[in-house]
Amino acid sequence: MKRHDGWETIRYEIVPGRDDVNDVVSEIVNEAWHVHRHHPESWKRDGDFKDRAAARIGVLLEDDSSLRASMLAQKDRVLSMLVYRAAELKEAGVDLRDATGAEIHPAAET
2 MKRHDGWETI RYEIVPGRDD VNDVVSEIVN EAWHVHRHHP ESWKRDGDFK DRAAARIGVL
62 LEDDSSLRAS MLAQKDRVLS MLVYRAAELK EAGVDLRDAT GAEIHPAAET
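With this note's numbering applied, the sequence shown corresponds to residues 2 to 111, in that order.
Pasting the structure below:
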């Protein structure tokens, strides 16, 4: 796969024949590439775009953990970062389903 320039739209084929999954992943990753390349200040802030995108990927992985290997097999740098960040957020106690649209904060310790 050629290097993403942040402007193009690439169709990710994570699961052959599963347009529902492939469309969602493609949307998330193409937008993430754009932010990563052209708005690095937004990409670098914790709790900002990167974490929300990672949470969206994490929700897909919670629904079907077999997707992780397929996502990492794409050898796409941003997709891989989102997969690993989703795992970090989950380990920190973040409810990924609640974190997809709001600022991300680790769960408070009780």
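For glycine and all other residues, C-beta sits at the position ideal for the given N, C-alpha and C.
Three-state class that DSSP yields for residue i in the structure shown
i   : result
V30 : helix
Y13 : coil
R46 : coil
H39 : helix
G94 : coil
K51 : helix
D99 : helix
R86 : helix
D77 : coil
R69 : helix
R57 : helix
Beta-carbon contacts of residue i that lie in its chain and below 8 Å, excluding the five residues immediately before and after
i    : result
R12  : N23, S27
V16  : V22, N23, L68, S71
T10  : S27, N31
T111 : With a pLDDT of only 36 at T111, under the threshold of 50, the placement of this residue in the model should not be trusted; the figure read from the coordinates follows. Correct list: empty, nothing qualifies.
Residue burial classification, residue i (beta-carbon count within 10 angstroms, cutoff 16)
i   : result
D21 : exposed
D77 : buried
A74 : exposed
H39 : exposed
G18 : exposed
C-beta atoms of residue i and residue j nearer than 9 Å
i   : j   : result
R57 : I29 : yes
R98 : E63 : yes
V79 : A33 : yes
Same chain only: Cβ atoms within 7 Å of residue i, ignoring 5 sequence neighbours per side
i   : result
A55 : L83, R86, A87, L90
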